[in-house]
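>
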Amino acid sequence: MFDYNTQASKFKFQGEIVVPGDKSIGHTAIALGALANGVTQISNFSYSDDLTVTAKVFEKLGAKIHTEMSTDDMIIKGVNHQLKSLDEPLNVDNVGALESLLLGILATNTNEYVIQGGKYLSKRSIQRLVKLLKEMGVKIQQLTDNVLPVKIQGSDNLKGITYQQDISSAQIKSGLVLAGIYAKSPTVIIRKLPTRDHTEILANYFGANIVTTPETITVNPEKTELTGQSLTIPGDFSSAALYIAGALLSKGSQIRLPKVGLNSTRIGLLKVAKQMGANIILESHSINSVEPFGDLVIKSQQLHGTKITAQQVPFIIDEIPLVALMASQAEGQTVIEGIHDVHLQLSDRIRNMRVELAKLGIIMQVNDDSIVIEGEQKIKVKDNVDSHNDHRIAMMLCIASILTETPFKIKNIESIDISYPSFLSDMKKVLVAR
Ligand SMILES: O=C(O)C1=C[C@@H](OP(=O)(O)O)[C@@H](O)[C@H](O)C1
Ligand SMILES: C=C(OP(=O)(O)O)C(=O)O
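Mapped onto full-length UniProt numbering, the consecutive letters of the sequence shown carry residue numbers 1 to 434.
As structure tokens, then:
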């Protein structure tokens with residue numbers, strides 16, 4: 001509903017910016033803290049629209065959540081797996097990560113719940129996870145075919161299952177892992193490709209017994225008791241990626257990003273940038289925390305095209321719009337393979353980024369299983385652009401805007417609140433006209 005007017009100047013990045021805490025880890029930490037016995041203390045928790053929805057849902061289910069806004073500390077008193085029964089539906093809005101975590105958790109409880117979703121989640125199929133949970137013994141009734149709302153009644157006698165992944169989705173995996181924690185027998189997930197692993201890492205930190213190999217994830221439920229923990233959430237790599245792409249592309253840039261999350265399943269963009277010829281400096285690296293983090297220094301560099309394989313795609317899943325922008329400014333062609341088997345993101349993200357970048361004169365070919373992007377495309381503004389209420393597209397378009405002197409409008413800019421509400425003001429702090 002709000003238009004953002006970009007500026008009639010090219011910019012470069014200079015200085016240092018601390019990005020907010022990771023959204024994906026935030027969802028998982030709230031879910032586990034709410035479910036656990038005792039108190040969980042989360043440092044560097046950053047509220048965004050999506051995390052507000054998650055906190056509200058778990059408060060409704062009985063968890064007590066206190067947030068110290070001045071210090072970004074969140075304290076959760078968990079329900080020790082005794083979820084409150086409810087007469088009203090739980091609304092997950094358009095928060096995909098919450099939808100699957102919640103289905104997995106409610107699967108383990110005998111109360112009946114209704115889960116509702118917003119515009120996008122009322123269209124995105126949840127058939128895969130529903131089918132798997134039903135195999136475990138959960139009763140799920142879908143009021144419309146394969147989408148939210150659903151009525152779910154879990155069981156305290158769930159049977160572990162073996163799931164051969166047919167799609168590389170971290171969310172489906174997370175739902176199944178959480179259901180498996182309280183089942184009566186082990187659940188085994190045979191991987192298609194590795195995806196982000198925050199759920200496995202944090203669940204083990206809270207007391208679960210999940211064994212991972214490159215090929216499998218085994219959830220051993222025997223005697224599992226989740227206990228409240230203390231943890232610090234690192235900076236969100238997906239937010240840092242905006243500055244990484246922006247600084248690489250805008251001549252004369254140098255930016256430092258302290259304490260960014262560096263979980264290897266999230267930082268595919270660093271590998272892609274390296275393949276494209278970039279040298280990103282890692283100044284310090286802490287691996288002794290629950291999730292690794294470090295300081296990154298990025299300078300503008302001329303990039304060249306590359307081939308991004310299907311195995312790399314889950315590790316750049318939320319950064320594909322930024323990778324497309326980088327590819328369009330590099331020398332030569334870039335191909336992103338294996339896009340067919342990824343989970344449909346929020347809006348139809350790949351289609352929407354293609355349509356909106358075309359309005360800025362950036363053309364790409366989207367095939368059934370690949371994207372082909374020619375390099376050295378000049379940005380030529382032909383029309384105003386639209387975020388399609390997708391925060392990743394809105395913020396990528398903001399980065400594109402600093403590469404051109406021609407101003408344009410970004411419609412529905414408020415979608416940035418989904419993950420990074422302070423993005424525009426943060427970005428301004430480190431932008432210098434060139
Ligand atoms: O688990 C998560 O927090 C997420 C997993 C990813 O989805 P899929 O791997 O299911 O596609 C990612 O795109 C989404 O933004 C958040
Ligand atoms: C799609 C995203 O998140 P979710 O799937 O949780 O809505 C995202 O953060 O880009």
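Beta carbons: idealized from backbone N, C-alpha and C, even for Gly.
Do T404 and residue 436 count as a contact pair if the criterion is CB distance below 8 angstroms?
One cannot answer for residue 436 here, as it falls past the ends of the chain, which runs 1 to 434.
> Below 6 angstroms CB to CB, which residues in the same chain sit around E374 once its five sequence neighbours on both sides are set aside?
These residues qualify, in order along the chain: Q333.
> Leaving out the 5 sequence neighbours to the left and right, which residues in its chain are closer than 6 angstroms to I413 when beta-carbon positions are compared?
F2, Y4, A394.
> Going by the beta-carbon positions, is the gap between A105 and A170 smaller than 8 angstroms?
Here residue 105 is Ile; the residue named in the question, Ala, does not match the sequence. Not a contact, by the Cβ cut-off of 8 angstroms.
> Within a Cβ cutoff of 8 angstroms, which residues of the same chain sit near D417, ignoring the five residues on either side of it in sequence?
Closer than 8 angstroms at the Cβ level, and outside the excluded window around D417, lie S48, D49, H391.
> Considering only residues of the segment 274-335, which uninterrupted alpha helix (DSSP H) runs meet the minimum length of 4 residues and lie entirely inside it, listed in chain order?
Entirely contained in the segment 274-335, the alpha helix (DSSP H) runs reaching 4 residues are, in chain order, 320-329.
> Would you mind listing the beta strand (DSSP E) stretches within the segment 22-106 that are 3+ residues and don't spill past its ends, in chain order?
Counting whole runs of 3 or more residues, the segment 22-106 contains the beta strand (DSSP E) stretches 39-43, 64-68, 73-77.
> Throw me the rounded Cβ distance for the G38 and G228 pair, which I believe falls under 8 angstroms.
Contact holds; Cβ gap of about 3 angstroms.
> Once the 5 residues before and after Q165 are set aside, which same chain residues still bring their CB inside 6 angstroms of it?
Same-chain partners within the cutoff: R191, K192.
> Give the range of the alpha helix (DSSP H) segment to which V260 is assigned.
That residue, V260, is in no alpha helix (DSSP H); its beta strand (DSSP E) goes 254-261.
> Output needed for V79: all residues of its chain with C-beta closer than 6 angstroms, excluding positions within five of it in sequence on either side, in chain order.
Only G62, A63 meet the Cβ criterion.
> First and last residue of the beta strand (DSSP E) that includes Q232?
The question names Gln, but residue 232 in the sequence shown is Thr. T232 -> beta strand (DSSP E) spans 230-232.
> Does DSSP put L143 in a helix, a strand or coil?
Three-state DSSP puts L143 in a strand.
> When DSSP labels each residue in this structure, what does T199 get in the three-state scheme?
The answer is helix: DSSP assigns T199 an H, G or I state.
> A183 by DSSP, collapsed to three states: which one?
In the structure shown, A183 sits in coil (DSSP, three-state: anything other than H, G, I, E or B).
> Whole angstroms are fine: how far does the CA of R124 sit from the CA of V290?
For V290 and R124, the distance between alpha carbons rounds to 32 angstroms.
> Pop quiz: I308 and I336 are said to be a contact at Cβ under 8 angstroms. What is the actual Cβ separation, rounded to whole angstroms?
About 5 angstroms separates the two Cβ atoms, so the contact holds.
> State the Cα-Cα distance for the pair I210 and S185, rounded to the nearest angstrom.
Rounded to whole angstroms, I210 to S185 spans 13 angstroms at the Cα level.
> Mind checking N367: buried by the 16 CB within 10 Å criterion, or exposed?
Flag for N367 reads exposed.
> Is P314 near ligand 1, judged by its Cβ being under 7 angstroms from some heavy atom?
Yes, the beta carbon of P314 sits closer than 7 angstroms to at least one heavy atom of ligand 1.
> Taking only the alpha-carbon atoms, compute the straight-line gap between Q311 and D197 and give it to the nearest angstrom.
Each residue's alpha carbon lies about 15 angstroms from the other.
> Can the beta-carbon of G21 be found closer than 8 angstroms to that of I172?
No.
> When you compare only the Cα positions, how much space is there between A273 and P194?
Going by the C-alpha atoms only, they are around 20 angstroms apart.
> Find the nearest neighbour of F237 within the set I201, L248, K259, judged by alpha-carbon distance.
Answer by Cα proximity: K259.
> Jot down the residue ranges of each uninterrupted alpha helix (DSSP H) in the segment 212-249, minimum 4 residues, whole runs only, in chain order.
Here the runs fully enclosed are 237-249.
> Kindly provide the ranges of any beta strand (DSSP E) runs that are 3 or more residues long and lie completely inside the segment 149-185, ordered along the chain.
162-164, all fully within the segment 149-185.
> From the DSSP output, in three-state form, read off Y120 for me.
Y120 falls in the coil class under three-state DSSP.
> If you drop the 5 nearest sequence neighbours on each side, which residues of the same chain put their C-beta closer than 6 angstroms to that of G268?
Counting only Cβ-Cβ distances below 6 angstroms, and skipping sequence neighbours, we find Q312, F315, I316.
> Can you tell me the Cα-Cα spacing of Q116 and V147, whole angstroms?
Using only the alpha carbons, I get a separation of about 9 angstroms.
> Provide the residue(s) that pair with A394 in DSSP beta bridges, ordered along the chain.
According to DSSP, which records beta bridges pairwise, A394 is partnered with nothing at all.
> Between D348 and ligand 2, is there a pair consisting of the residue's CB and a ligand heavy atom that are separated by less than 7 angstroms?
Answer for D348: no, Cβ out of range of ligand 2.
> For ligand 2, I want to know if K10 counts as a neighbour, meaning its beta carbon is within less than 7 angstroms of at least one of the ligand's heavy atoms.
Incorrect: K10 has no Cβ contact closer than 7 angstroms to ligand 2.
> So is P321 buried or exposed if we call it buried at 16+ other beta carbons inside 10 Å?
Counting Cβ neighbours within 10 Å, P321 comes out buried, since at least 16 surround it.
> Between V114 and V53, is the Cβ-Cβ spacing less than 8 angstroms?
No, they are not a contact pair.
> From R434 to S300, what distance separates their C-alpha atoms?
Roughly 13 angstroms between the two C-alpha positions.
> Is the separation between the beta-carbon of I339 and that of I371 shorter than 8 angstroms?
Yes, Cβ-Cβ distance for I339 and I371 is below 8 angstroms.
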